[in-house]
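Number of protein chains: 4
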Amino acid sequence: MSVREMLNTHPMTDGQVSDALVACIEQCFRCGSVCASCADACLGEEMVASLRRCIQLNLDCAVICLATGQVAIRRTSENREVLMKMIDACARACAACGEECARHAESHEHCRVCADECHRCEDACREALTLMQ
Amino acid sequence: MSVREMLNTHPMTDGQVSDALVACIEQCFRCGSVCASCADACLGEEMVASLRRCIQLNLDCAVICLATGQVAIRRTSENREVLMKMIDACARACAACGEECARHAESHEHCRVCADECHRCEDACREALTLMQ
Amino acid sequence: MSVREMLNTHPMTDGQVSDALVACIEQCFRCGSVCASCADACLGEEMVASLRRCIQLNLDCAVICLATGQVAIRRTSENREVLMKMIDACARACAACGEECARHAESHEHCRVCADECHRCEDACREALTLMQ
Amino acid sequence: MSVREMLNTHPMTDGQVSDALVACIEQCFRCGSVCASCADACLGEEMVASLRRCIQLNLDCAVICLATGQVAIRRTSENREVLMKMIDACARACAACGEECARHAESHEHCRVCADECHRCEDACREALTLMQ
């Protein structure tokens, strides 16, 4: 639980970071790594030509999740509008990627794992957003 | 002009990528590097304690610009809603960072250069968005 | 255990990815997020002027860990020399950051957590390297 | 030339940053964007199945170039050993990617552009390394 531990000892948060935001940050880093892996696993499949869209959505989702995690983990200055826009973009990227991966979940186990991870990350982003509004 | 050259030879664009999107992509990578540099230059200033907010906004803007550039450069599959949300988030990050840097532009030349770059990137993002709507 | 789950279902690994490499990948993403957080927590400290070096090493380590994790997770094509150089660079970045953070571990709990994380990541990188040689 | 402009106004460099390092930083950001684009262009080709290795090397090179640019642009604290290891890893990633792209340069114009860019980045990295030794 390293993100929670870090944010509890941050000089400007007084441990006041919501569980929803901590979960969102952790899920962003986790989903970013899974999507990077799924893009690569899809690239290795025989039917790669029919997985093009899945690969691009995975790559986009990986980049956006990792960027969102990095922005959300910074608590020194309030930059709430930008953070909310990033979390919203991340939720949409996860929704799009999760939906595409779910289509190949029966043929490719990595797409099933990735779809689940994307849905968890989308949910975590939406819960964090709800609390920030 | 390597981005234009690359997109002109992309198998799925037929050179049909708008100048506005090419400018947006180039400006994102450029502004991302300048913001990373400005965060570091501010960190090196004697008055670092009063530049905290500037440093955080610079770091956020750097991450968001580089992520947006990477998402926008991919043209294989249409993922327009996510792309538009990222470009919008990027425009807001640039606006916030440019505004903060402009406040220290007289004391710190690197903040003046960075503020100019952020404003150019914000404009490029908004023009690309307008065309996509 | 999402990285292990992903790599077990990758079409080209046959579950043959060593535990050491899986641990290295997971630790890279984890350490990357912790270092990004520690840079920000240091920036929020009153004594920020004396934490400049810690902040830069944290930012470098965050970028290098996240990059190394992304390169290491790709298993489609062998690019062993580049991967080993990245893991080696990552081990050195973690060593430098962990050493600097350890100096402030008594004053700043976030530096203590980060130093521990860096040392774990350095160890994981070295073990993965040893197995690859 | 925004990187030169930024480093000239950095409080700790006194304009003492070598042209070789400035060129290396600029080339890293440029090559990072071109490789991200080439991965995507290859993904869009009919013969994508035979471009798998090219795509992975492009993705690796993009991540490593962008990470190296971000580490090299920071001048506040000396972290020379880590920086040199990253520039070295980047030179190798560019060499591998440039070599692979050169193989498809006749069939795919984007691979020709990317191979050229990789070779320029490799050269810029090696020149910066030579000066730092």
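If you read the sequences in order, they're chains A, B, C and D.
Just so you know, my numbering puts 1421 at position 47 of the first sequence, and the rest follows in order with no gaps.
Just so you know, my numbering puts 1397 at position 23 of the second sequence, and the rest follows in order with no gaps.
Just so you know, my numbering puts 1383 at position 9 of the third sequence, and the rest follows in order with no gaps.
Just so you know, my numbering puts 1433 at position 59 of the fourth sequence, and the rest follows in order with no gaps.
Even for Gly, the Cβ is constructed at its ideal location relative to N, Cα and C.
Nothing here was measured: the structure is a model prediction, and the numbers come from that model.
Going by CA-CA distance only, name the one from the options that's closest to residue i.
{"i": "C1475/B", "options": "A1394/B, A1446/B and N1432/B", "result": "N1432/B"}
{"i": "E1455/D", "options": "E1452/C, E1455/C and K1459/C", "result": "K1459/C"}
{"i": "R1426/D", "options": "A1423/A, T1504/A and A1410/A", "result": "A1423/A"}
{"i": "I1447/D", "options": "A1413/B, M1421/B, Q1390/B and A1446/B", "result": "A1413/B"}
{"i": "R1466/A", "options": "G1443/A, E1452/A, V1445/A and H1493/A", "result": "H1493/A"}
{"i": "P1385/C", "options": "Q1507/C, R1449/C, G1443/C and R1500/C", "result": "R1449/C"}
{"i": "S1411/D", "options": "R1500/B, R1378/B, I1461/B and E1420/B", "result": "R1378/B"}
{"i": "E1419/B", "options": "Q1390/D, E1419/D, E1400/D and T1383/D", "result": "T1383/D"}
{"i": "E1491/D", "options": "M1421/D, Q1390/D and E1400/D", "result": "E1400/D"}
{"i": "N1453/D", "options": "L1457/C, I1461/C, E1473/C and M1421/C", "result": "E1473/C"}
{"i": "L1457/D", "options": "Q1507/D, C1428/D and R1486/D", "result": "Q1507/D"}
{"i": "R1486/B", "options": "Q1390/B, R1500/B and C1428/B", "result": "C1428/B"}
Looking at residue i: is its Cβ nearer than 7 Å to the Cβ of residue j?
{"i": "C1471/C", "j": "C1495/C", "result": "no"}
{"i": "M1380/D", "j": "H1478/B", "result": "no"}
{"i": "L1395/D", "j": "A1502/D", "result": "yes"}
{"i": "V1408/B", "j": "C1488/B", "result": "yes"}
{"i": "C1416/B", "j": "T1442/B", "result": "no"}
{"i": "S1376/D", "j": "L1505/D", "result": "no"}
{"i": "C1405/D", "j": "C1439/D", "result": "yes"}
{"i": "S1451/C", "j": "Q1430/D", "result": "yes"}
{"i": "A1463/B", "j": "A1463/A", "result": "yes"}
The ligand ATP and residue i: does any heavy atom of the ligand fall closer than 6 Å to the residue's C-beta?
{"i": "E1474/A", "result": "The model depicted lacks the ligand ATP and carries no ligand whatsoever."}
Buried or exposed: which applies to residue i, given that a residue is buried once 16 or more other Cβ atoms fall within 10 Å of its Cβ?
{"i": "S1481/D", "result": "exposed"}
- [ ] Could you please tell me which residues of the stretch 1410 to 1429 of chain D, in chain order, have their CB closer than 9 Å to any CB of chain B?
- [x] Shown in chain order are the members of the stretch 1410 to 1429 of chain D whose Cβ falls below 9 Å from a Cβ of chain B: A1410, S1411, C1412, A1413, D1414, A1415, C1416, L1417, G1418, E1419 and E1420.
Task: Interface positions of the stretch 1434 to 1464 of chain C facing chain A (Cβ-Cβ less than 8 Å), listed along the chain - done: For chain A, the residues of the stretch 1434 to 1464 of chain C that bring a beta carbon within less than 8 Å of one of its beta carbons are A1436, L1440, G1443, Q1444, I1447, R1448, R1449 and T1450, in chain order.
Task: Selection of the stretch 1467 to 1483 of chain C by Cβ proximity to chain D, strictly under 7 Å - done: Hits within the stretch, in order: A1467 and A1470.
- [ ] Select from the stretch 1379 to 1392 of chain D all residues with a C-beta closer than 9 Å to any C-beta belonging to chain B, and list them in chain order.
- [x] Residues passing the 9 Å Cβ filter: E1379, M1380, L1381, N1382, T1383, H1384, P1385, M1386 and T1387.
TODO: Taking only beta carbons into account, state which residues of the stretch 1392 to 1403 of chain A come closer than 7 Å to chain B, listed in chain order.
DONE: Residues: none.
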